[in-house]
Amino acid sequence: MKHDNSLLELLASIGLGRNEAATYEALLQIETVSIRKVAARTGINRGTTYEALKRLVAAGLVSVNKRGQREYYTAESPEKIYDLIRDKRRDLLDASALAKAVVPGLVAARPRPQGRPVVRYYEDDNGVVAILKDLLETCAASETEYYCYSSSRIRQYLYRSFPHFTERRIAAGVPVKVISVGDPGEGAELAERKTLPATTADDASSYMLIYGDKVAVIAISKDLTPYGVVVEDADAAAMQRLLFRHLWDYL
5 MKHDNSLLEL
15 LASIGLGRNE
25 AATYEALLQI
35 ETVSIRKVAA
45 RTGINRGTTY
55 EALKRLVAAG
65 LVSVNKRGQR
75 EYYTAESPEK
85 IYDLIRDKRR
95 DLLDASALAK
105 AVVPGLVAAR
115 PRPQGRPVVR
125 YYEDDNGVVA
135 ILKDLLETCA
145 ASETEYYCYS
155 SSRIRQYLYR
165 SFPHFTERRI
175 AAGVPVKVIS
185 VGDPGEGAEL
195 AERKTLPATT
205 ADDASSYMLI
215 YGDKVAVIAI
225 SKDLTPYGVV
235 VEDADAAAMQ
245 RLLFRHLWDY
255 L
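Given below as structure tokens:
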């Protein structure tokens, strides 16, 4: 039996496998039938078909009726798939809320090498977004500001996958002090800016973020792919914070 790959992909996206998709597809094309007839239609053995039918019944895509000692199966309307998608979306939202409550504790409880920093490498736009979200979460949780060395050369790449970063920062009540190298960019709420002379901007092609116990450096590779390195170390962050404050006062 030739299968509809689009149906296979759709059911796989909501957690059902190839056997379930083939079985459901067969039931859509025939009347209420027994396991034997479904298995004959799909070419899947009866034991596997029975397990597939159980999962389809549990998902609400198939109904079962008992006649004497036999069970007969009927495909429910494909519109039921919308219900499954809505249920899955709700489950993911619930899981996301639970993760926000659980994950910070798990991260805090992770064993760390004594006296050694934790270094993480991030690549491409998604990696930069991960760093920026970590920054917002860290500063919002501790109600502290962060410091930033800003380079006009890579600013256009920094927020292209997180265009609402500034709005999110302001909404979270996170203040920032920025030392811009070259063009300072536009002002925003909860942001103070100072500028280094433009003549020093020629070789400045990275951002540095100092927040919590972390120092992040974000730069652009030769093929214009952004990447970042985050060093989590209280002493390193304290030193960079001290240097930033001295430069800030000088400017």
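As numbered in the working numbering, residues 5 to 255 make up the sequence shown, in order.
Glycine included, C-beta positions come from ideal geometry on N, C-alpha and C.
Using a Cβ-Cβ cut-off of 8 Å (strictly less than) and excluding sequence neighbours within five positions of residue i, which residues of its own chain qualify?
{"i": "Ala240", "result": "Pro121 and Val219"}
{"i": "Ser225", "result": "Tyr231"}
{"i": "Thr36", "result": "Asn69, Tyr76, Tyr77 and Thr78"}
{"i": "Lys92", "result": "Ile18 and Gly19"}
{"i": "Ile158", "result": "Ser209, Ser210, Tyr211, Ile222, Ala223, Ile224 and Pro230"}
Measuring only the C-alpha atoms, how far is residue i from residue j?
{"i": "Val61", "j": "Val133", "result": "41 Å"}
{"i": "Gly177", "j": "Leu139", "result": "13 Å"}
{"i": "Tyr54", "j": "Asp237", "result": "55 Å"}
{"i": "Gln160", "j": "Gly186", "result": "14 Å"}
{"i": "Gly131", "j": "Tyr163", "result": "11 Å"}
{"i": "Leu246", "j": "Arg172", "result": "27 Å"}
{"i": "Phe248", "j": "Ile18", "result": "49 Å"}
{"i": "Leu12", "j": "Gly21", "result": "8 Å"}
{"i": "Gln244", "j": "Ile214", "result": "7 Å"}
{"i": "Leu110", "j": "Leu102", "result": "12 Å"}
{"i": "Lys58", "j": "Ser210", "result": "56 Å"}
{"i": "Ser38", "j": "Arg90", "result": "30 Å"}
{"i": "Ala105", "j": "Glu141", "result": "12 Å"}
{"i": "Arg45", "j": "Leu88", "result": "26 Å"}
{"i": "Ala195", "j": "Pro82", "result": "52 Å"}
{"i": "Glu149", "j": "His250", "result": "16 Å"}
{"i": "Gly51", "j": "Val42", "result": "11 Å"}
{"i": "Glu147", "j": "Leu97", "result": "26 Å"}
{"i": "Gln73", "j": "Ile34", "result": "21 Å"}
{"i": "Val107", "j": "Ala99", "result": "11 Å"}
{"i": "Glu193", "j": "Arg94", "result": "34 Å"}
In chain order, what residues of the same chain have a beta carbon less than 6 Å from the beta carbon of residue i, not counting five sequence neighbours either side?
{"i": "Leu65", "result": "Tyr28, Glu80 and Lys84"}
{"i": "Ala56", "result": "Asn23, Glu24 and Thr27"}
{"i": "Arg124", "result": "Val234"}
{"i": "Tyr86", "result": "none"}
Whose C-beta lies closer than 7 Å to the C-beta of residue i among residues of the same chain, with five residues either side of it excluded?
{"i": "Thr3", "result": "There is simply no residue 3 to check, as the chain begins at 5 and stops at 255 in what is shown."}
{"i": "Gly232", "result": "Tyr126, Gly131, Val132, Ile135, Ala220, Val221 and Ile222"}
{"i": "Arg197", "result": "Val182, Ser184, Pro188 and Gly191"}
In this structure, does DSSP put residue i in helix, strand or coil?
{"i": "Lys226", "result": "coil"}
{"i": "Thr78", "result": "strand"}
{"i": "Tyr126", "result": "strand"}
{"i": "Arg197", "result": "strand"}
{"i": "Thr204", "result": "For Thr204, the pLDDT reaches just 49, beneath the cut-off of 50, and the residue's location in the model is therefore unreliable, leaving the point undetermined."}
{"i": "Arg50", "result": "helix"}
{"i": "Tyr254", "result": "helix"}
{"i": "Tyr231", "result": "strand"}
{"i": "Ile183", "result": "strand"}
{"i": "Ala220", "result": "strand"}
{"i": "Val178", "result": "coil"}
{"i": "Tyr86", "result": "helix"}
Taking residue i as the reference, which of the options has the closest Cα?
{"i": "Trp252", "options": "Arg40, Lys181, Gly191 and Tyr215", "result": "Lys181"}
{"i": "Ala175", "options": "Ala144, Ala103 and Thr229", "result": "Ala144"}
{"i": "Arg40", "options": "Tyr77, Ala63 and Leu14", "result": "Tyr77"}
{"i": "Pro201", "options": "Glu193, Ser100, Leu255 and Arg59", "result": "Leu255"}
{"i": "Glu190", "options": "Ser156, Pro179 and Met212", "result": "Ser156"}
{"i": "Ser154", "options": "Ala63, Ile89 and Met212", "result": "Met212"}
{"i": "Asp227", "options": "Asp91, His250 and Asp129", "result": "Asp129"}
{"i": "Leu15", "options": "Ala44, Ala63 and Ser38", "result": "Ala63"}
{"i": "Ser67", "options": "Lys137, Ser10 and Leu31", "result": "Leu31"}
{"i": "Tyr151", "options": "Ser10, Gln33, Ile34 and Ala242", "result": "Ala242"}
*Is there contact here, the stretch 165-183 with the stretch 219-229, by at least three beta-carbon pairs under 8 Å?*
Contact fails: fewer than three Cβ-Cβ distances are below 8 Å.
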